[in-house]
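First the structure, in the form of structure tokens, and then the observations on it.
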Amino acid sequence: MVKTHPLGFRVEQELKEALERAAKDDLRSVSSMVEKILTMYLRDKGYLPKGAAE
């Protein structure tokens with residue numbers, strides 16, 4: 164999958180640190196971890212079909 168749509172936003176320091184720890188534990192970059200979390204949430208809520216964004 165070609166990733167060509169950047170997304171930038173600001174978060175509280177505590178959230179960023181937690182995200183960095185989670186990414187490290189999952190052997191991912193922070194960007195990859197954010198994408199994984201967003202994909203899981205959107206699938207669970209029915210906004211993204213199963214199998215999409217893989």
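Our numbering applies: residue 164 is where the sequence shown begins, and numbers increase by one.
The beta carbon of each residue, even a glycine, is placed where N, CA and C say it ideally should be.
On the criterion of 16 or more Cβ atoms from any shown chain inside 10 Å, does residue i qualify as buried, or is it exposed?
i: M203; result: exposed
By Cβ distance, which residues of its chain are closer than 8 Å to residue i, with the 5 residues on each side in sequence left out?
i: A186; result: S192, V193, S195, M196
i: V165; result: none
i: F172; result: none
Give the single residue among the options whose Cα lies nearest to the Cα of residue i.
i: V174; options: L182, I200, D188; result: L182
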